[in-house]
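See structure below.
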Amino acid sequence: MPKDTLTLTDNRTGKTYELPIENSTIRSMDLRQIKVSPDDFGMMAYDPAFMNTASCRSRVTFIDGEKGILRYRGYPIEELAEKSNFLETAYLILKGELPTRQQALEWENNITNHTMLHENIKKFMDGFHHDAHPMGILVSTVAAMSTFYPLGRNIHDPESRKRQIQRLIAKMPTLAAFAYRHSLGRPYAYPDNDLSYTENFLNMLFKATELKYKPDPALARALDVLFILHADHEQNCSANTMRSVGSSLTDPYSSVAAAAAALYGPLHGGANEQVLKMLAEIGSTDKIPSFIKSVKDGERKLMGFGHRVYKNYDPRAKILRKTAEEVFEVTERSPLLDIAIELERIALEDEYFVKRKLYPNVDFYSGIIYQAMGFPTSTFTVLFAIPRTAGWLAQWEEMLQDSEQKIARPRQVYLGHGQRSYIPTEERG
Ligand code: CMC
């Protein structure tokens with residue numbers, strides 16, 4: 001009769017242990033009973049970089065990396081990208097269900113009414129140097145928001161959490177747009193509440209002297225698709241940071257700032273910026289073979305390729321390749337797209353990439369689209385942070401409501417010195 005247990009034999013002692021299996025996992029704490037002597041601390045699991053450790057149970061996002069499947073709350077990413085918009089998807093991710101018409105109206109209304117920034121946040125931004133990276137400005141100003149909304153620290157009050165979540169989702173585009181305009185030395189453009197979420201973002205970025213900014217509907221829709229694709233991605237580096245920082249019961253502004261800082265790195269959300277630099281450096285399709293050789297020789301990485309979870313084509317990259325073609329119908333076609341397509345073709349036929357199951361990830365095409373839409377490279381990671389805020393906050397809510405979660409605190413395997421006595425300076429060799 002099959003049993004949902006795992007039997008382990010410790011060959012050091014000959015003892016056998018039976019550990020329960022639930023959802024295909026064993027609890028690491030069940031290993032603690034495995035000891036060689038009564039005063040032994042007990043066995044732990046060693047897993048640098050969390051390669052095979054589930055840190056939580058989640059109902060938000062499902063990924064099957066082998067098959068290239070991504071779903072938010074059960075809905076395939078392809079369907080959401082085709083039929084939904086970002087605000088509706090953010091609602092789904094945060095609340096678990098698609099909104100009714102009434103709920104959608106209320107949600108949109110609440111977000112729209114929170115897009116303004118306190119004038120002092122603007123003054124705070126003015127202090128940054130003109131060439132400050134917009135992501136550095138974003139990380140710092142989100143953190144500073146915790147001082148503007150001290151009630152955000154009432155993290156055990158569901159009503160307060162709801163207000164902070166609305167504020168953060170509403171204000172991230174304004175912060176991002178102001179950070180961008182600051183870097184250009186342009187006056188800030190205030191939100192226009194007649195516009196949709198992505199239209200308004202374009203307005204705050206690109207409005208010049210016209211009285212009313214009219215965003216290109218095709219570009220606003222492309223941005224909506226990009227935002228949907230970036231809204232959540234289960235326990236990635238920044239979501240894990242959000243949960244980890246939030247687990248000490250920090251306010252959501254500080255936790256989002258920490259998550260955004262994790263996103264900033266070139267191996268995570270900073271990769272889209274690196275992809276563009278790489279494509280520009282390659283310059284033309286005839287240079288691709290020598291570039292691939294340098295990757296295979298270990299001199300560099302093919303940015304926008306590879307993923308910890310996907311060992312198949314990232315479904316978001318597939319959608320973006322199509323979105324890129326749609327965007328180029330209204331903008332000038334970027335020569336970088338042809339380099340990217342050829343680079344992908346060559347890499348996917350090359351044994352190095354095939355053997356390691358390295359496929360394009362979401363960052364491979366997103367940068368090319370952003371560039372065609374007029375975004376400077378330095379804003380690409382900011383464009384990732386805006387929609388991902390919905391995911392971070394959904395992960396944070398779930399963590400706070402999970403009775404099994406406590407302050408995150410991994411163990412270590414200590415390999416340093418044993419106890420030794422202090423040596424006075426004059427006696428040290
Ligand atoms: N170019 C060349 N080789 C690669 C790449 C790449 N982009 N990615 C992985 N490899 C190789 C790696 O060198 C290793 O080879 P070997 O077995 O010979 O040592 C093997 O593939 C396995 O890679 P890994 O580094 O153990 O995989 P990981 O799960 O630790 O890293 C990753 C995942 C995304 C950090 C990595 O693939 C990478 O650095 N990619 C480039 C950066 C990038 O595009 N990041 C965006 C990720 S998707 C969006 C997001 O999550 O933010």
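Reminder that position 324 of the sequence shown reads as 324 in our numbering, one-by-one numbering, no gaps.
Beta carbons: idealized from backbone N, C-alpha and C, even for Gly.
Excluding the 5 residues preceding and the 5 following residue i in the sequence, name in chain order all residues of the same chain whose CB lies nearer than 8 Å to its CB.
{"i": "Ile111", "result": "Leu87, Gln166, Ile169, Ala170 and Tyr197"}
{"i": "Gly42", "result": "Leu31, Arg32, Gln33, Ile34 and Lys35"}
{"i": "Ser55", "result": "Gln235, Asn240, Arg243 and Ala408"}
{"i": "His268", "result": "Asn236, Cys237, Ser238 and Ala262"}
Can you check which of these residues, the options, is closest to residue i by C-alpha distance?
{"i": "Leu8", "options": "Thr285, Pro2 and Pro20", "result": "Pro20"}
{"i": "Pro191", "options": "Gly185, Leu184, Ser183 and Leu211", "result": "Leu211"}
{"i": "Ser366", "options": "Leu383, Lys357 and Tyr359", "result": "Leu383"}
{"i": "Thr377", "options": "Met204, His182 and Gln274", "result": "Gln274"}
{"i": "Leu263", "options": "Cys237, Ser334 and Tyr149", "result": "Cys237"}
{"i": "Lys207", "options": "Ala218, Tyr180, Phe227 and Arg221", "result": "Tyr180"}
{"i": "Tyr149", "options": "Leu117, Val139, Gly14 and Asn52", "result": "Leu117"}
{"i": "Ala260", "options": "Glu82, Thr425, Lys318 and Ile137", "result": "Ile137"}
{"i": "Ser28", "options": "Leu205, Lys214 and Phe50", "result": "Phe50"}
{"i": "Asp297", "options": "Arg57, Thr323, Tyr352 and His156", "result": "Tyr352"}
{"i": "Gly270", "options": "Asp47, Thr379 and Gln401", "result": "Thr379"}
{"i": "Glu404", "options": "Tyr46, Asn52, Pro48 and Ser58", "result": "Ser58"}
{"i": "Met135", "options": "Asn85, Glu66 and Asn272", "result": "Asn272"}
{"i": "Gly306", "options": "Asn154, Pro217, Lys355 and Gly127", "result": "Lys355"}
{"i": "Leu393", "options": "Pro158, Ser84 and Thr16", "result": "Pro158"}
{"i": "Phe328", "options": "Met204, Asp216, Arg388 and Pro387", "result": "Asp216"}
{"i": "Gly391", "options": "Arg163, Met44 and Leu92", "result": "Leu92"}
{"i": "Tyr4", "options": "Asn11, Pro38, Asp10 and Asn23", "result": "Correcting the residue identity first, residue 4 is Asp in this sequence and not Tyr. For Asp4, the nearest C-alpha among the options comes from Asn23."}
So, are the CB atoms of residue i and residue j less than 9 Å apart?
{"i": "Leu320", "j": "Val225", "result": "yes"}
{"i": "Leu358", "j": "Ala347", "result": "yes"}
{"i": "Ser254", "j": "Met399", "result": "no"}
{"i": "Val330", "j": "Leu219", "result": "yes"}
{"i": "Pro252", "j": "Ile369", "result": "no"}
{"i": "Thr250", "j": "Glu342", "result": "no"}
{"i": "Leu302", "j": "Ile292", "result": "yes"}
{"i": "Gly283", "j": "Phe364", "result": "no"}
DSSP three-state label for residue i, please.
{"i": "Glu18", "result": "strand"}
{"i": "Thr13", "result": "coil"}
{"i": "Ile165", "result": "helix"}
{"i": "Leu70", "result": "strand"}
{"i": "Thr331", "result": "coil"}
{"i": "Tyr365", "result": "helix"}
{"i": "Tyr313", "result": "coil"}
{"i": "Tyr75", "result": "strand"}
{"i": "Leu226", "result": "helix"}
{"i": "Asp64", "result": "strand"}
{"i": "Pro191", "result": "coil"}
{"i": "Leu8", "result": "strand"}
Could you give the distance in angstroms between the alpha-carbon of residue i and the alpha-carbon of residue j?
{"i": "Leu223", "j": "Val295", "result": "31 Å"}
{"i": "Tyr310", "j": "Gly429", "result": "52 Å"}
{"i": "Ala177", "j": "Ala258", "result": "20 Å"}
{"i": "Gln395", "j": "Ala239", "result": "7 Å"}
{"i": "Ala231", "j": "Ala385", "result": "9 Å"}
{"i": "Glu108", "j": "Leu94", "result": "14 Å"}
{"i": "Gln102", "j": "Asp194", "result": "18 Å"}
{"i": "Glu397", "j": "Arg345", "result": "41 Å"}
{"i": "Ile423", "j": "His417", "result": "15 Å"}
{"i": "Tyr213", "j": "Ala189", "result": "10 Å"}
{"i": "Gln401", "j": "Thr115", "result": "27 Å"}
{"i": "Arg12", "j": "Tyr46", "result": "18 Å"}
Excluding the five sequence neighbours on either side, which residues of its own chain have a C-beta within less than 7 Å of the C-beta of residue i, listed in chain order?
{"i": "Arg433", "result": "Beyond the ends of the chain as shown, which are 1 and 429, falls residue 433; an answer cannot be given."}
{"i": "His130", "result": "Ser183 and Gly185"}
{"i": "Leu279", "result": "Leu336, Ile339 and Ala340"}
{"i": "Thr89", "result": "Tyr72, Leu80, Ile228 and Ala231"}
Beta-carbon within less than 6 Å of residue i's beta-carbon, same chain only, minus the 5 sequence neighbours each way: which residues are those?
{"i": "Thr61", "result": "Tyr72, Asp232 and Glu234"}
{"i": "Asn200", "result": "Pro191 and Asp192"}
{"i": "Leu6", "result": "Leu19, Ile21 and Ile26"}
{"i": "Tyr313", "result": "Gly68 and Tyr359"}
Quick check on residue i - is its C-beta less than 9 Å from some C-beta in chain C?
{"i": "Thr5", "result": "In the displayed structure, chain C is absent; only one protein chain is listed."}
With hydrogens ignored, establish whether the beta-carbon of residue i is closer than 8 Å to any heavy atom of ligand 3.
{"i": "Val256", "result": "In the structure shown, ligand 3 is absent; the only ligands present are ligand 1."}
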